[in-house]
Structure formats: structure tokens, C-alpha cells
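>
2 protein chains.
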Amino acid sequence: MKPNFSLRLRVFNLNCWDIPYLSKHRVDRMKRLGDFLNLESFDLALLQEVWSEQDFQYLRQKLAPAYPDAHYFRSGIFGSGLCVFSRHPIQEILQHVYTLNGYPYKFYHGDWFCGKAVGLLVLRLSGLVLNAYVTHLHAEYSRQKDIYLAHRVAQAWELAQFIHHTSKNADVVLLCGDLNMHPKDLGCCLLKEWTGLRDAYVETQDFKGSEDGCTMVPKNCYVSQQDLGPFPFGIRIDYVLYKAVSGFHIYCKTLTTTTGCDPHNGTPFSDHEALMATLYVKHSPPQEDSCPADGPPGRSALVSVLREACTELGLGVAQARWWAAFAGYVIVWGLTLLVLLCVLVAGLEAREVAVLLWTPNVGLVLGAGAVYLFHRQEAKGLCRAQAELQHALRRENESQGLGSEPQLAPLLAAGGRQS
Amino acid sequence: MKPNFSLRLRVFNLNCWDIPYLSKHRVDRMKRLGDFLNLESFDLALLQEVWSEQDFQYLRQKLAPAYPDAHYFRSGIFGSGLCVFSRHPIQEILQHVYTLNGYPYKFYHGDWFCGKAVGLLVLRLSGLVLNAYVTHLHAEYSRQKDIYLAHRVAQAWELAQFIHHTSKNADVVLLCGDLNMHPKDLGCCLLKEWTGLRDAYVETQDFKGSEDGCTMVPKNCYVSQQDLGPFPFGIRIDYVLYKAVSGFHIYCKTLTTTTGCDPHNGTPFSDHEALMATLYVKHSPPQEDSCPADGPPGRSALVSVLREACTELGLGVAQARWWAAFAGYVIVWGLTLLVLLCVLVAGLEAREVAVLLWTPNVGLVLGAGAVYLFHRQEAKGLCRAQAELQHALRRENESQGLGSEPQLAPLLAAGGRQS
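Residue numbers (the numbering used here), protein chains in the order written: chain G, 1037 to 1455; chain C, 1037 to 1455.
#1: In its own chain, which residues sit with a C-beta less than 7 Å from the C-beta of Ala1196 of chain G, not counting the 5 before and 5 after it?
#2: Is the number of C-beta pairs between the region 1134–1154 of chain G and the region 1168–1177 of chain G that are closer than 8 Å three or more?
#3: For Phe1121 of chain G, which residues from the same chain have a beta carbon less than 6 Å from its beta carbon, with the 5 sequence-adjacent residues on both sides left out?
#4: Compare the beta carbon distance of Ile1353 of chain G and Ala1415 of chain G with 7 Å and say whether it is the shorter of the two.
#5: Starting from Arg1046 of chain G, follow the beta strand (DSSP E) in both directions and report where the run begins and ends.
#6: Below 9 Å between beta carbons is the criterion; list the residues of the region 1045–1072 of chain C that meet it against any residue of chain G, in chain order.
#7: Any beta carbon from chain G within less than 7 Å of Glu1348 of chain C's own beta carbon?
#8: Do Asn1216 of chain C and Ala1190 of chain C have their CB atoms nearer than 7 Å?
#9: For Glu1247 of chain C, report the span of its alpha helix (DSSP H) as first-last.
#10: Determine whether the Cβ of Glu1432 of chain C lies closer than 7 Å to any Cβ atom of chain G.
#11: May I ask you to list, following chain order, the residues of the region 1184–1210 of chain G that have a beta carbon less than 9 Å from some beta carbon of chain C?
#12: Counting Cβ pairs, one atom from each stretch, are 3 or more of them under 8 Å apart for the region 1395–1405 of chain G and the region 1111–1121 of chain G?
#13: Tell whether a beta-carbon distance below 7 Å holds between Asn1049 of chain G and Leu1311 of chain G.
#14: Are the C-beta of Cys1419 of chain C and some C-beta of chain G separated by less than 7 Å?
#15: Can you tell me whether DSSP reads Thr1292 of chain G as helix, strand or coil?
#16: Mapping the DSSP letters down to three states, classify Arg1430 of chain C as helix, strand or coil.
#17: For Ile1129 of chain C, would you say it is in contact with chain G, using Cβ-to-Cβ distances shorter than 7 Å as the test?
#18: Just to make sure I have the definition right: I need the residues of chain G whose C-beta is within less than 8 Å of the C-beta of Ile1113 of chain C. Which are they?
#19: Below 7 Å between beta carbons: does that hold for Leu1425 of chain C and Leu1291 of chain C?
#20: Excluding the five sequence neighbours on either side, which residues of its own chain have a C-beta within less than 8 Å of the C-beta of Glu1324 of chain G, listed in chain order?
#21: Tell me, please, whether the CB atom of Pro1304 of chain G is closer than 7 Å to any CB atom in chain C?
#22: With 16 as the cutoff for other CB atoms within 10 Å, does Arg1160 of chain G come out buried or exposed?
#23: Report yes or no: is there a C-beta of chain G within less than 7 Å of the C-beta of His1427 of chain C?
#24: I'd like to know if Glu1247 of chain C contacts chain G, where contact means its C-beta is closer than 7 Å to some C-beta of that chain.
#25: Any beta carbon of chain G sitting closer than 7 Å to that of Thr1395 of chain C?
#26: Along the chain, where does the beta strand (DSSP E) containing Cys1257 of chain G start, and where does it finish?
#27: Please classify Thr1372 of chain G: is it buried, with 16 or more other beta-carbons within 10 angstroms of its beta-carbon, or exposed?
#28: Less than 7 Å between CB atoms is the rule here; does Glu1229 of chain C satisfy it with respect to chain G?
#29: Can you tell me whether Lys1279 of chain G is buried or exposed, with buried defined as 16 or more other CB within 10 angstroms of its CB?
#30: One question on the structure: do Arg1110 of chain C and Arg1357 of chain G come within less than 7 Å of each other, judged by their Cβ atoms?
#31: Whole angstroms is fine: what's the gap from Pro1205 of chain C's alpha carbon to Glu1348 of chain C's?
#32: Enumerate, from N- to C-terminal direction, the unbroken beta strand (DSSP E) stretches of 3 or more residues contained entirely within the region 1104–1183 of chain G.
#33: Do you know offhand how far Pro1254 of chain G's Cα is from Asp1263 of chain G's?
#34: Mind checking if Arg1110 of chain G is an interface residue toward chain C, Cβ cutoff 7 Å exclusive?
#35: Please specify which runs of the beta strand (DSSP E), each continuous and at least 3 residues long, are wholly inside the region 1185–1240 of chain C, giving them in chain order.
#36: Residues of the region 1129–1152 of chain G with a CB closer than 8 Å to any CB of chain C: list them in chain order, please.
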């Protein structure tokens, strides 16, 4: 590779709001999106909420000349909604489905049925290994009373861990997607601190688009004030994040968002705004592109966010256990009632009422059983994430305790030298 | 690191059969296991089927002096059953829960409720990065009519992919666990071909233990002839697999199994036999430890096993879709019956019977709905694994098509050179 090596990477990200039977002007929007992607010919187009596999196949066919490789990430009951179109051959594919993703009985929210996930594509561009991740986290339906906060923090941690462990051989890491978190939200900070990923909107010198980089804006005709909650001027929940790992330097030359309408004819592609980033990768001396969490201030921010996430997950565990216990009481109560009904039937007193109540009561016990099992599983999932966070926190504290050379800690701490 | 560097690694693996209320002599067995592990002081003890977190805590306390670090992998409703005790500090932890793991209505088999998973520990020993994986795959209840075959193949693929993508920076990879597969089973071949892992039993020059390395033997008093099925002399389903990745050479000096009784007083630790391996890691010239799948015969074996796995998953997808369709018909039939019952109630004919049938019928529709959703999710999961396999197969075929230098294929195939 030449010393003046430079790789340009043009990336497109959009939450497509492509829900069969529910989303407005779906067919027309997908057609226009396909035309736009063909016209612009990005290196990578990473999409979320493509919940119709037919629409993916339609786009695949339409985009085949400009984007010869594509992948649809299948998961859950309705799918993850994630897909990607690439101008370059995709070398490897991997997918991780988040352990926790809402509640099945909140069927009107629907997230549980989708199997929210993170997809990974490994590409080789000019001999450089690029790990591109696309994801979509659980939606936030109420900012004031967010019952999904613990799940979203657990998802952010799983995402951060997935990236951390699968990108160790990558030169460049790129994460695009709808994180359903504002830039300073706990999960977002956890993700950035643990992985060292940087936010294209914050880093770029040349931003064009909606005010404050918002990706859901009131000007978009598909967005209601209810969607924006206490932020009437818009929210920023879709991201392009990146980092270079080994001897490379990456920077975002330009970042553009749509502004409530498609760039050509005015009707929006989706209820979210699209992000379009032009990134440049160059060689750099090792110290130039150091991970933000490496210095003492970065490490202290990391420790603080790990602690906060631990606390939040602890609250989630308590809540999950409360619900499991409540369901347990309902089961006991239901079983007692069943015995009572049996006695009534045997004694011929109020026999008809007893027979009528028998089946709904069996249903109640079975339903409570399902709720009990679900929340036990939820508590296990949250405990697991909390245990991993505590382990990370312990290791961070240990390495900080060794003073000015934290990077030596793992080696010094390891035993078993027998050479 | 010195040129004559040599690292010895003593590893213990056991499926502990530690199921509260169900497993015989559980408390006594765990006590004796703890004593044995303390006495032997392995570098790593990787355990499966520790389904009581209390028992893990008991072992943790008991083993703390010899194994200062430990981790319990939580997942599913009852847990993954996986845990690990380490003489060296665990640097990092990650866990992946398998997407498919049997059927909830096969509750008497129980696997679905366990959240079978693979756990990863990253350790640094003498400056060398060791990725140690522990796992437990879905049980095989009938070899003649194995309804879980597609799920186990999908799990083996997920395991292989998880190892492949998370071990890119590792010097040594170690996988221990109960794979519930015989050495020549499809999933086992897929795992070994895709990851390049080698089987300690096959590789070692010094094996002591049960005949043919079996890990479930008729001599063990907890094993019934039914457990062994058509293999009355025993089966080998627990493994120690390993490989060295970058400039290192690893070999298994000795492998020992228990033989139906604990090495000291004759009563077995579990219904499975324990595996004890002594591995040595040394420096090597790069070509000495090449991955078995690198040469043309290895690659052809890989292509063949990828193809076979694709076919098996295809059968699984067809089966899952059949069940989803069947559940769909039951829903339609149930809904029709509900309408009929409404008509009967409205018309005052057979009112009592109609009222009595109403609730069970609602239950039938809801139950069929759950079965429908479950099998749709199953089909999605199998399709996902199949799509990944097909992608891997395509890439393998492409690289083989380039003749004698397959390792250059990814680079040659990649586009986008802009340097």
C-alpha cells in the first residue's frame, strides 16, 4: 500500500419505515429510494425497517447493477428489518439478535416480534479490512416513563460488546443505524465509550441538513408531534459512527441529511431522515488515531458510564423480579381457585357457575405461568449484562490502579508464565 | 518472548448433570468435584449443566484459592448451565445464546427453557491471547428420528461463526463442551472445517481413559442403555478442540477421561465423563501450523460439508413452514367454529353447549396462534443460517475458482481501489 494511500467511502443510512399494510405510500417511497440509490451509487447503503422481504428483493433487483452484493438479515417473527446493499463484494456476514427486546404482551408496540439485531459485513477495500455494522434498537415510546430503558441499555451493551469482540482484526469500523437514543443518552454514551466509535455529526467540518442534525423532524409529513414528544424541533436518533483501528486515520469529510423531503422531488423517503457521509481513510502514525477512551479523562468517563449502566440494569432486574413474583402470586391464587371450583363441582353447589369459571381460570394460570417464565428470562438477561458490565468495571479499575501505563495491566496481571 | 517459549495449559471439561430436584447425589457429586478440582489445580475448568446458581456459588467459594477467577453464563429461563473457573485472571467475557434451541411445547425435553449458549473468555498468558469457549448444544433424544437435527446443525454453524469472528486476534483458541454430536456428525464436521479446530482425542499421542474416548459409557451407574441408544459400548459427544492461529504451534501432550468413576473413590462425578487435557503452545514458523481447511483437499471437504448443511437446513425450513401452515389452518378452523358458536348462542339453539365450547375454542385459537408465530420464527432462524452458509459456499467456490492461490481471492475480488 502506498504511503499516500487514501480510501473514500460514501455511506447511506436510512430507517425506511417499510411496514406492510401500515406505512403510508410504501411502494412509491421504495421505488424513489431505489432510484436515488442508483443515481448516487454509494459504497454502502445500510437500511433499517425493511420489514417486507419482497421489498428487499425488489430493491435487490433494481439496485443490482450499482450494488452487486446485498444481504437481508432475518430474525424474530417478522424479521430484523435490516438489510444492506454494497458496491463491493461482501466477504463475510454475521448477525447477533439482542437477548432482550421488549415484551410480547405489548403487542401494539411490536418490537418484541421483530427480533431486533445487529448485522455485520466484512469487506476488503484496497487490502483494508472494513467491518460495517447495521442495527436498530428498541423504540422509545415515552421519554417520561420509558419502560424499555433497561432493555435498550442492555442492547447498547450487547452491541458494544459485539463490535468490540468481532472487530479486533479490522482496520476500519463503521456503525450505522437507528439507535433510538439521543446523543447523550446512557446507552449511546456506553456504546461510544466502550468501542471508541466517533459520531460523524460531531466530527465533521462540513455538515449540511436538518437543524442540529436531527433525523426525525417536524417538517417531515410522516412525523407527528406525538412522535417527537418533548422535542418539538426534532430528535437525533440515527447515526453514522466510525473509527480506525490499526495505523489508519479516518475522518468524515461531509455529512448530509435529508430535511423532511427527498432531495429531488420533495416527498420524504421515510419518517426518518437519511444520513449520507463521505469518509476518508488514510495511513497515520499509531498515536494519531488513538481511541478516545485510552487517556485518563476517557477512562474516567468510561468508568462513570459503566457504573451508571450497572445501576440502570440493577433497577431493571428488580422490576423484572417484581413482575415474576407477581405472576407467581397469581398462579398460586389461580390454583387455589381451581381447587375451590373442584370442591364446588363435587359438592353439587353452584355447579354451573363452577363449570363456567373452570376454563377461564385454567387460562389465567397458564397466562400467569407464561408471564412468570418471561420475566424470569428477562431478569436472567439483565443479570447477564450487569455481570459483564461489573467485570469490565473491575478490570478498568484494576488497570487504572496501575497508574500511568494502563495498557500494560492485562499483561502484568496475567499469571502462568512457564517459558 | 523467548524463541524457546513454551506454555503448558491444563484443561478440565465436564458436563456436570447438576439439575436441582432431578439429578441423583447432586450435592455429594458437586462436593467431590470441588475437592478434585482443588487437588488437581487446572488452568481452566469448563463446566456444563450447572443449572443451579447456588451450586456455582458453592464451587466458586470452595475453589477460590486455586481458581481466583470464575464466571457463570446466565441465559434463557433456567440458565445456560455453563460456567468456568480459571487460575488466571479473565480479561474479557462474551456470550452468545443460540437462536434456535428446540420447541417450548416439548417441555419434557427442557432444552428450550435453558437458553443453550456459547461463552467466551479472553485470557492473557505470558503475553499470549487465549480465547477459551465453553458450550452445550441441544441434546439428541433419538438418533433414528432426530427432530432436532436442523436446530443442532444451525447451532453448530452459529458456534463456528461466533468462534471465527471473535478469535481473529487470538493466538490460541480452545473450545470445550458437550456438543451432543458424534465426531463424524454433520454439525461436528461443519464446526471443525469452518474453524480449523482440531480434536484433542484424535491428535494426542497419549490417551488414557474410556474405550474409543467415549464420554458416556455403560459402566457409569448414572447412564442407562436408553441414553446410549444404538451404541451400547458408549458415545463420544464431549470434546476438547483447539488451534493456534498466528505463529504458534499447539499440541495435546496427554488426554485423559474418567472411566465411569471418579479417579479417587469410584463413584462418578456425573453421567458424562470428564476430559482432562494437557496442551503445549510453542512458537512455530507460520507454515507449520496451517489451518487444515487451507489446502485443496481441506477446502473441498469444507465445500462438501457446507453443501450438506445447507440441504439439512433446507429440510428444516420446509418442516417449520409446514407446521406454521398447519397452525394457520387450525386458526382459520377455530375462528370459523367461534362464529358458528356465536350464531348458536344468538339463535338460542344448544346455548349451553355453545357457551361451554366458547372458552376452549378461544384457547385453541390462541394456542395455534402461538404455534404459528413460533414456527415462523423457527423458519426465519433456519433461513438466516442457510443464507449465511450459502454466502460462505459462494465465496469458497469463488476462491477455489481462482486456482492455486485461494488466499488471494478476497483481495482480488474486492473493488474500490482509490489509492
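Virtual Cβ for every residue (Gly too), placed ideally from N, Cα, C. This structure is a prediction, so every number in the text was calculated from the model and none was measured.
So, from the listed chains and residues:
#1: What you label residue 1196 of chain G is simply residue 160 of the first sequence in a count that begins at 1. Counting only residues of its own chain and dropping the five nearest sequence neighbours on each side, Ala1196 of chain G has a CB closer than 7 Å to the CB of Leu1226, Leu1227, Trp1230 and Thr1231.
#2: Contact holds: three or more Cβ-Cβ distances are below 8 Å.
#3: Position 85 of the first sequence holds residue 1121 of chain G. Correct list, in chain order: Ala1081, Leu1099, Tyr1103 and Ala1106.
#4: Against the first sequence, residue 1353 of chain G aligns to sequence position 317. Against the first sequence, residue 1415 of chain G aligns to sequence position 379. As written in the sequence, residue 1353 of chain G is Val, which differs from the Ile given in the question. Yes, they are a contact pair.
#5: In the first sequence, the residue the question calls residue 1046 of chain G occupies position 10. From DSSP, the beta strand (DSSP E) with Arg1046 of chain G extends over Ser1042 to Asp1054.
#6: Close to chain G, meaning a Cβ-Cβ distance shorter than 9 Å, are the following residues of the region 1045–1072 of chain C: Leu1045.
#7: Indexing the second sequence from 1 puts residue 1348 of chain C at position 312. Under the 7 Å criterion on CB atoms, Glu1348 of chain C is classed as non-interfacial with respect to chain G.
#8: Taking the first residue of the second sequence as 1, we reach residue 1216 of chain C at position 180. Taking the first residue of the second sequence as 1, we reach residue 1190 of chain C at position 154. Cβ distance not < 7 Å, so Asn1216 of chain C and Ala1190 of chain C don't count as in contact.
#9: Numbered from 1 along the second sequence, position 211 holds the residue referred to as residue 1247 of chain C. Premise fails: Glu1247 of chain C is in no alpha helix (DSSP H) and is neither H nor E.
#10: The residue you call residue 1432 of chain C lines up with position 396 of the second sequence. Not an interface residue.
#11: Listed by position, the residues of the region 1184–1210 of chain G near chain C (Cβ gap below 9 Å) are Gln1197, Phe1198, His1200, His1201, Thr1202, Ser1203, Lys1204, Asn1205 and Ala1206.
#12: Between the region 1395–1405 of chain G and the region 1111–1121 of chain G there are fewer than three C-beta pairs closer than 8 Å, too few to call the two in contact.
#13: Counted from its first residue, the first sequence places residue 1049 of chain G at position 13. Counted from its first residue, the first sequence places residue 1311 of chain G at position 275. Going by C-beta atoms, Asn1049 of chain G is nearer than 7 Å to Leu1311 of chain G.
#14: Taking the first residue of the second sequence as position 1, residue 1419 of chain C is located at position 383. For Cys1419 of chain C, the answer is yes, since a Cβ of chain G falls inside 7 Å of its Cβ.
#15: The count along the first sequence starts at 1 and reaches residue 1292 of chain G at position 256. In the displayed model, Thr1292 of chain G falls within a strand according to three-state DSSP.
#16: Start at 1 with the first residue of the second sequence, and residue 1430 of chain C comes out as number 394. Here Arg1430 of chain C sits in helix by DSSP.
#17: By 1-based counting over the second sequence, the position of residue 1129 of chain C is 93. Taking Cβ atoms only, chain G reaches closer than 7 Å to Ile1129 of chain C, which makes this a yes.
#18: Stepping through the second sequence from its first residue, residue 1113 of chain C is reached at position 77. Those within 8 Å of Ile1113 of chain C in chain G are Leu1409, Arg1412, Gln1413 and Lys1416.
#19: Numbered from its first residue, the second sequence carries residue 1425 of chain C at position 389. Numbered from its first residue, the second sequence carries residue 1291 of chain C at position 255. The Cβ atoms of Leu1425 of chain C and Leu1291 of chain C do not sit closer than 7 Å to each other.
#20: On the first sequence, position 288 is the one that residue 1324 of chain G refers to. Per-residue confidence for Glu1324 of chain G stands at a pLDDT of 47, beneath the threshold of 50, marking its modelled position as unreliable; no derived number is given.
#21: On the first sequence, position 268 is the one that residue 1304 of chain G refers to. Using a Cβ-Cβ cut-off of 7 Å, Pro1304 of chain G does not count as an interface residue toward chain C, since no Cβ of chain C sits closer than that to its own.
#22: Position 124 of the first sequence, counting from 1, holds the residue named residue 1160 of chain G. Buried, since its Cβ has 16 or more Cβ neighbours within 10 Å.
#23: Mapped onto the second sequence, residue 1427 of chain C falls at position 391. Yes, His1427 of chain C lies at the interface with chain G (some Cβ there is under 7 Å from its Cβ).
#24: For the purposes of this step, residue 1247 of chain C is taken as the residue at position 211 of the second sequence. Contact of Glu1247 of chain C with chain G is not assigned, every C-beta pair being separated by 7 Å or more.
#25: The count along the second sequence starts at 1 and reaches residue 1395 of chain C at position 359. Against chain G, the CB of Thr1395 of chain C has a partner CB under 7 Å away; the residue lies at that interface.
#26: Taking the first sequence and counting its residues from 1, one reaches residue 1257 of chain G at position 221. Under the DSSP assignment, Cys1257 of chain G falls outside any beta strand (DSSP E); it carries neither an H nor an E label.
#27: Indexing the first sequence from 1 puts residue 1372 of chain G at position 336. Burial call: exposed.
#28: Numbered from its first residue, the second sequence carries residue 1229 of chain C at position 193. No, Glu1229 of chain C lies away from the interface with chain G (no Cβ there is under 7 Å from its Cβ).
#29: Mapped onto the first sequence, residue 1279 of chain G falls at position 243. So Lys1279 of chain G counts as buried.
#30: Here residue 1110 of chain C refers to the residue found at position 74 when the second sequence is read from its first residue. Here residue 1357 of chain G refers to the residue found at position 321 when the first sequence is read from its first residue. The criterion of a C-beta distance shorter than 7 Å is not satisfied by Arg1110 of chain C and Arg1357 of chain G.
#31: Within the second sequence, residue 1205 of chain C is the residue found at index 169, counting from 1. Within the second sequence, residue 1348 of chain C is the residue found at index 312, counting from 1. The question names Pro, but residue 1205 of chain C in the sequence shown is Asn. Taking the straight line from one Cα to the other gives about 32 Å.
#32: Qualifying beta strand (DSSP E) stretches, in chain order: 1105–1108, 1119–1122, 1126–1133, 1153–1161 and 1164–1172.
#33: The residue you call residue 1254 of chain G lines up with position 218 of the first sequence. The residue you call residue 1263 of chain G lines up with position 227 of the first sequence. About 9 Å.
#34: As a position in the first sequence, residue 1110 of chain G is number 74, starting the count at 1. Chain C, which has a Cβ nearer than 7 Å to the Cβ of Arg1110 of chain G, makes this yes.
#35: Listed in chain order, the complete beta strand (DSSP E) runs (minimum 3 residues) inside the region 1185–1240 of chain C are 1208–1214.
#36: Per Cβ criterion, the list reads Ile1129, Leu1130, Gln1131, His1132, Val1133, Thr1135, Phe1149 and Gly1151.
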